[in-house]
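Chemist: Residue numbers (full-length UniProt numbering), protein chains in the order written: chain A, 1 to 379; chain B, 1 to 386; chain C, 1 to 323. Where a beta carbon is used, it is the ideal one built from N, C-alpha and C, also for glycine. Computed from a prediction, not measured in an experiment: that's the story for all the values here. Input: one structure, supplied below.
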Amino acid sequence: MSQITDAYRGLKLGERWDHAPKPVRWFVMLLVVAFAFYLPYLNILPFAYIRTDLTSSGSDWASVLFLIVVYMIVAVGLNVVIGLAGLLDLGYVGFYALGAYSIALFGSTNSPVVEAMQSKFGLSEEWAVPFVVCIPIAITMSLIAGVFLGAPTLRLRGDYLAIVTLGFGEIIRITARNLDGVTNGAAGITQVPVPPGPESDGRAFFNTIDAERWYWLALAILILIIFLARRLENSRVGRAWLAIREDEDAASVMGVAGFKFKLWAFAIGATLGGLAGLLFGSKQQYVEPNAFMVQLSFLFVAMVVIGGSGNIYGALTGAFLLTYLPERFRDLVDWRPFAFGVALVLVMILRPQGLVPSRRRAREFDDRREEAKEAAADV
Amino acid sequence: MIRSTKTWQAVALTAVAGLALSACGTTDTGGSAGGDEGGADCNFKIAAMGALSGPNASIVVPSVDGAQLALDQWDGGDCEVTLERFDTEGDPAKATPVATQIAGDESFIGVIGGAFSGETRATKTIYQDGGIPMISQSATATDLTQDDPVEVFHRLVPYDDYQGAAIAKYLLDEVGATKVFVVDNSEAYGEPLADRVEETLGDSMVARDKTEVGQTDFAPTISKMETAEPDAIMYGGYIAEAAPLLKQIRDAGIDAPFIGGDGLYGADFGNAVGEAGEGAVVMCPCAPIEGDSTFAADFEEAYGGAPGAYAAEGFDAMTIFLKALEDGARTRAEVQEFVSGYTGDGLSKSIAFDENGDVPQDQVSYWAYKNEGGTLTPEVEVKPEG
Amino acid sequence: MDFDALISGLDRHTLDGITRGSIYALVALGYTMVYGVMKLINFAHSEVFMVGTWTVLGVYTVLGVTAGAGIGMVIAATLLALLAAMLASAGTALAVERIAYRPLRKKGAPPLIFLITGIGCSLVLVEIFGQVLRVVFGRPFGRVTVNIPSVLETKTVFTIPGLDLAVSNTRILIIVGAIVMMLALDTFVNKSRLGRGVRAVAQDADTASLMGVNRERVIMLVFVLGGAMAGVAALLYTVQYDITKFDIGFIIGLKAFTAAVLGGIGNLRGALVGGLFLGIVEVYASAIWDSSWTNVYAFVVLVVILMFRPTGLLGESLGKARA
Numbered sequence: 001m002s003q004i005t006d007a008y009r010g011l012k013l014g015e016r017w018d019h020a021p022k023p024v025r026w027f028v029m030l031l032v033v034a035f036a037f038y039l040p041y042l043n044i045l046p047f048a049y050i051r052t053d054l055t056s057s058g059s060d061w062a063s064v065l066f067l068i069v070v071y072m073i074v075a076v077g078l079n080v081v082i083g084l085a086g087l088l089d090l091g092y093v094g095f096y097a098l099g100a101y102s103i104a105l106f107g108s109t110n111s112p113v114v115e116a117m118q119s120k121f122g123l124s125e126e127w128a129v130p131f132v133v134c135i136p137i138a139i140t141m142s143l144i145a146g147v148f149l150g151a152p153t154l155r156l157r158g159d160y161l162a163i164v165t166l167g168f169g170e171i172i173r174i175t176a177r178n179l180d181g182v183t184n185g186a187a188g189i190t191q192v193p194v195p196p197g198p199e200s201d202g203r204a205f206f207n208t209i210d211a212e213r214w215y216w217l218a219l220a221i222l223i224l225i226i227f228l229a230r231r232l233e234n235s236r237v238g239r240a241w242l243a244i245r246e247d248e249d250a251a252s253v254m255g256v257a258g259f260k261f262k263l264w265a266f267a268i269g270a271t272l273g274g275l276a277g278l279l280f281g282s283k284q285q286y287v288e289p290n291a292f293m294v295q296l297s298f299l300f301v302a303m304v305v306i307g308g309s310g311n312i313y314g315a316l317t318g319a320f321l322l323t324y325l326p327e328r329f330r331d332l333v334d335w336r337p338f339a340f341g342v343a344l345v346l347v348m349i350l351r352p353q354g355l356v357p358s359r360r361r362a363r364e365f366d367d368r369r370e371e372a373k374e375a376a377a378d379v
Numbered sequence: 001m002i003r004s005t006k007t008w009q010a011v012a013l014t015a016v017a018g019l020a021l022s023a024c025g026t027t028d029t030g031g032s033a034g035g036d037e038g039g040a041d042c043n044f045k046i047a048a049m050g051a052l053s054g055p056n057a058s059i060v061v062p063s064v065d066g067a068q069l070a071l072d073q074w075d076g077g078d079c080e081v082t083l084e085r086f087d088t089e090g091d092p093a094k095a096t097p098v099a100t101q102i103a104g105d106e107s108f109i110g111v112i113g114g115a116f117s118g119e120t121r122a123t124k125t126i127y128q129d130g131g132i133p134m135i136s137q138s139a140t141a142t143d144l145t146q147d148d149p150v151e152v153f154h155r156l157v158p159y160d161d162y163q164g165a166a167i168a169k170y171l172l173d174e175v176g177a178t179k180v181f182v183v184d185n186s187e188a189y190g191e192p193l194a195d196r197v198e199e200t201l202g203d204s205m206v207a208r209d210k211t212e213v214g215q216t217d218f219a220p221t222i223s224k225m226e227t228a229e230p231d232a233i234m235y236g237g238y239i240a241e242a243a244p245l246l247k248q249i250r251d252a253g254i255d256a257p258f259i260g261g262d263g264l265y266g267a268d269f270g271n272a273v274g275e276a277g278e279g280a281v282v283m284c285p286c287a288p289i290e291g292d293s294t295f296a297a298d299f300e301e302a303y304g305g306a307p308g309a310y311a312a313e314g315f316d317a318m319t320i321f322l323k324a325l326e327d328g329a330r331t332r333a334e335v336q337e338f339v340s341g342y343t344g345d346g347l348s349k350s351i352a353f354d355e356n357g358d359v360p361q362d363q364v365s366y367w368a369y370k371n372e373g374g375t376l377t378p379e380v381e382v383k384p385e386g
Numbered sequence: 001m002d003f004d005a006l007i008s009g010l011d012r013h014t015l016d017g018i019t020r021g022s023i024y025a026l027v028a029l030g031y032t033m034v035y036g037v038m039k040l041i042n043f044a045h046s047e048v049f050m051v052g053t054w055t056v057l058g059v060y061t062v063l064g065v066t067a068g069a070g071i072g073m074v075i076a077a078t079l080l081a082l083l084a085a086m087l088a089s090a091g092t093a094l095a096v097e098r099i100a101y102r103p104l105r106k107k108g109a110p111p112l113i114f115l116i117t118g119i120g121c122s123l124v125l126v127e128i129f130g131q132v133l134r135v136v137f138g139r140p141f142g143r144v145t146v147n148i149p150s151v152l153e154t155k156t157v158f159t160i161p162g163l164d165l166a167v168s169n170t171r172i173l174i175i176v177g178a179i180v181m182m183l184a185l186d187t188f189v190n191k192s193r194l195g196r197g198v199r200a201v202a203q204d205a206d207t208a209s210l211m212g213v214n215r216e217r218v219i220m221l222v223f224v225l226g227g228a229m230a231g232v233a234a235l236l237y238t239v240q241y242d243i244t245k246f247d248i249g250f251i252i253g254l255k256a257f258t259a260a261v262l263g264g265i266g267n268l269r270g271a272l273v274g275g276l277f278l279g280i281v282e283v284y285a286s287a288i289w290d291s292s293w294t295n296v297y298a299f300v301v302l303v304v305i306l307m308f309r310p311t312g313l314l315g316e317s318l319g320k321a322r323a
């Protein structure tokens, strides 16, 4: 393993990438994107080993890819909160749940909210809020939740924020489970709507069988989000986050309003979480509270940190590995959580800066390592 | 990005490592190639989908073993059938990729499952789209067949409404209770069950309380019981919480009989409750195996233990699919037609499915099992209707 | 909503709350001490507690004691189980420190990384009892609830006159045991030489090391002490609830951590206050409504308290925790 990492380190990929001419970069990126879209059909032998449906009891490759991309969106969003603004959010699953529940509550004919609207406005039993309208609803709901949670709590210091956000995630789940009259309670909501599209073979375009269409949709959204997130990172807001993360007091002296920018990070993170939840709920066509346990929040944080917090590509890598590997090695059945735990500890000890650290973070890390060494020498 | 020999070195090393890793797995590329040569003959696969790992596996694994036993005992002639086990951990989100995989692979002609209601709710539209018949051995949520039924879904167990009615009937008729305290776990299984018990009991219920999955301190519930002074206690939930609840009830000196639903059924119940659970009653739509059947002995020989929860139902589900093949069904549509019209005596009950996919209620029997010395022994049969 | 139920049974609910809260408080000590010294949330601490409960079961099984043993045997078995649980939990805590935290400290890793290795360690410990040991030894290990014989049978010892409140032997043991252990720990940290080292590092690690305090040893000490307290909590827990399970630590750990923050993380007395407060709030609220909202009550109370006292009820700092 170390041989491989050394080989890659020797390449100085990052530097070369920066110095490559613009057309080359565009071309390579186009290739990568094209390859990503082609993935569901990947069936050439040595590469096809990455498929998850090779064993007799494997799971559908395109569906797994879809889930990976959804978690990638989550990771990009959480990376804004944790990696860029340096706020430890242990309740991210709450926003994810809100996104999924928004589309279910307003878009499903099975939802008590829609039923109430039907009877109140005398609408037909087939009526529900159209999918396209559900998207802004979901985004607004998670955005509001982000601000609502952030406004009172962002003044708290790091570790207090962690427990409060964790509580927020739990409150969302328990509320969804207990409010039978609004959310159908623990039974959940079925018939969650899917995006509109032309019908083929008597099925909706986005149906439950052709998972690759869902994957392409999610991938397109992900690419757009990555593009926007990159822009954001290098914007004034991005620089402000950096300043706050490094030293909040110094930043505020320099005129960077800590609270305002932290709230921004929270709101943006919440929106992306909600969007991912919406995709998940819609593909699943079924939303229930137990899909949003606290443990999922921990998994999300692990994705960002393992990949290398602060770097979008690190977060993407983390999301990919932590979603893909358990699905690829389904044969291990009951051993997977154990292997997962061991892997978390090992990877972090061997590579504390994350698998794909941001360059700035890596440098900071080297500094701290030096400091730690010096401190050790002093004693 | 790939531009120099150094690069190729790195890529090659990665590839070698990757190949070495994946060489351990099986090498049948692409599930899509599955049944192309066997289509005309009789080479088929049947999927069993459920929580085969995780905390709830003990309620599911015996039923899949039962199905495997039925397959092993089957003389298929020209037909070659395999049972593929798909683990979902009981999580709907993990069940959907599995269901898509099964529905997309034409060599599967039937599904045994989903074992739990949540995953069934999440996947039944997928199977419906794929036209693949499913027979569930243990998903009991009422809405699966009553609120939005799909053609392909059948189940061998009666739904929660009946179970709730049966538990209430047992409480009224067998225990003679007039003040029942009903507790549930606020989850998709326990809450509707307790609701139905409450409905049937009417005035005979004295109080109701809700608890949580993962809770171990039930002091608030116990003090409510002390105030209510019930003459029977019903709990809708699973073993993990029933054990501490029951212990704390007995520790508080409350001797009222304790009755739970099929969520408590299984060998683990006795181990978990210990002495406090002596005499506790578990209601289950699973009939004890008839004396003249060799099923229990066969099962024990094959899997080294007495048939656990829903083993007989798993056996029956597989038997129905195999009979469809014997009958000449070779496509999903033919199997689906056969299953929907099936009538016959199964191990667990006489089987026939109504238009919603349920077994008729007069075929259903509930059994009260009493925990005696750590094992659940059949006590009495309860018919909810009549 | 049933406020009458709360008022009429106030004494009873308070006793229930204190019982529940005592265990939270003991587990919270582990979080708070580690945080005080290292500014680190030790996510694996919940599993340190879980290991303790299994140790109690192991001791009972080896001794072969069951319910209804003679009084001498009961006392001997309980003491032995207490000792074993403290040792096992302290050992686990120390192992977690060695494996998951020390290498990172040596590399000067940022705090987030400790969080992830903590979560990883927690998962590993859970799976050891849920999977690894089951494969090796079979039952009782595995993902099921396991009965622990109630060696100390619950009996009403006395009834508080006037209130008609029955107090059982197990409750006395839990409440008295928890308070005694906390007083002992508090005295140790505030009065002993080693304790002074702990306070010094908590106040200012750099200065402390200049003054000749060995930081590594203080960290080890803190993990051992916190682990031992979790071991005590484990014994008291099994006395009251008579069960264990591979993932039993998760919820207790979550609540204990909440309690630690509520009381003021890094503050020993804060852990006690936070634990008891949280236990009482939960029981009161469950009595008025029901237990399905328990976590919501707990977290809402936490947020409200933090709004007004951003560093918890008693404020943070292990270093300044005196009088």
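My guess is that A/V182 and A/S282 are in contact by the Cβ rule of under 8 Å, so how many angstroms apart are they, rounded?
Modeler: Incorrect: roughly 20 Å between the Cβ atoms, too far for contact.
Chemist: Determine whether the beta carbon atoms of residue 430 of chain A and A/L42 lie at a separation below 8 Å.
Modeler: As shown, chain A starts at 1 and ends at 379. That puts residue 430 of chain A outside it, with no answer to give.
Chemist: Is it buried or exposed for B/F269, if we count other Cβ within 10 angstroms and need 16 for buried?
Modeler: buried
Chemist: Thinking C-alpha only, which one of A/V133, A/L149, A/L98, A/E126 is nearest C/V303?
Modeler: The shortest Cα separation from C/V303 among A/V133, A/L149, A/L98, A/E126 belongs to A/L149.
Chemist: Can you tell me whether DSSP reads A/E199 as helix, strand or coil?
Modeler: coil
Chemist: For A/F37 versus A/L316, is the C-beta spacing smaller than 8 Å?
Modeler: no
Chemist: What's the gap between the Cα of B/A23 and the Cα of A/S252?
Modeler: Confidence is the limiting factor: at B/A23 the pLDDT is only 46, short of 50, which leaves the residue's position unreliable, though a coordinate-based value still follows. The alpha-carbon separation between B/A23 and A/S252 amounts to approximately 56 Å.
Chemist: Under 6 Å Cβ to Cβ from B/A256, same chain only, skipping five residues before and after it: list those, please.
Modeler: P230, D231, A232, I233
Chemist: Any C-beta of chain B sitting closer than 8 Å to the C-beta of A/Y313?
Modeler: no
Chemist: Specify whether the region 198-214 of chain A and the region 150-160 of chain B touch according to this definition: at least 3 beta carbon pairs, one from each stretch, less than 8 Å apart.
Modeler: no
Chemist: So, with DSSP's three-state summary, where would you put A/D89?
Modeler: coil
Chemist: Can you tell me the Cα-Cα spacing of C/N267 and B/A219, whole angstroms?
Modeler: 28 Å
Chemist: Would a check of beta-carbon distances place B/V182 closer than 8 Å to chain C?
Modeler: no
Chemist: Who are B/H154's beta bridge partners in DSSP?
Modeler: B/I135
Chemist: Who does B/C284 pair with in a DSSP beta bridge?
Modeler: Among the bridge pairs identified by DSSP, B/C284 is matched with B/W367.
Chemist: Could you tell me the distance, in whole angstroms, from the CA atom of A/P337 to the CA atom of A/T52?
Modeler: 18 Å
Chemist: Given C/W54, which residues of its chain have a CB within under 7 Å of its CB, disregarding the five upstream and five downstream residues?
Modeler: F129, T244
Chemist: Would you say C/I305 lies against chain A (beta-carbon separation less than 8 Å)?
Modeler: no
Chemist: Should C/T61 be labelled buried (16 or more other beta-carbon atoms within 10 Å of its own) or exposed?
Modeler: Exposed, since its Cβ has fewer than 16 Cβ neighbours within 10 Å.
Chemist: Under a three-way DSSP split, which group does A/L126 fall into?
Modeler: A quick correction: the sequence has Glu, not Leu, at residue 126 of chain A. Correct three-state label for A/E126: coil.
Chemist: How about C/V27 and C/A256: do their beta carbons lie closer than 8 Å?
Modeler: yes
Chemist: My understanding is that B/G54 touches B/G90, with C-beta atoms under 8 Å, so please give their C-beta distance in whole angstroms.
Modeler: Contact holds; Cβ gap of about 6 Å.
Chemist: Go ahead and pull the three-state DSSP assignment for A/L232.
Modeler: helix
Chemist: Hey, is B/E187's beta-carbon within less than 8 Å of any beta-carbon in chain A?
Modeler: yes
Chemist: Would you mind working out which of B/A188, B/K169, B/V175, B/D147 sits nearest B/V197, comparing C-alpha positions?
Modeler: B/K169
Chemist: Chain C beta carbons: is any one of them nearer than 8 Å to that of B/G35?
Modeler: At B/G35, the pLDDT of 39 sits below 50, so the modelled position is not reliable and the matter cannot be decided from this model.
Chemist: Answer with buried or exposed for A/R363, where buried requires no fewer than 16 other C-beta atoms within 10 angstroms of its C-beta.
Modeler: exposed
Chemist: For a contact meaning CB atoms closer than 9 Å, what does B/Q73 contact in chain A?
Modeler: Those do not exist, as B/Q73 stays about 22 Å from chain A at its closest Cβ, beyond 9 Å.
Chemist: Please give me, in chain order, every unbroken run of the alpha helix (DSSP H) with length at least 4 that falls completely inside the region 170-208 of chain B.
Modeler: 190-201
Chemist: Using a Cβ distance threshold of 8 Å, determine whether the region 41-51 of chain B contacts the region 278-294 of chain B, with at least three qualifying pairs required.
Modeler: no
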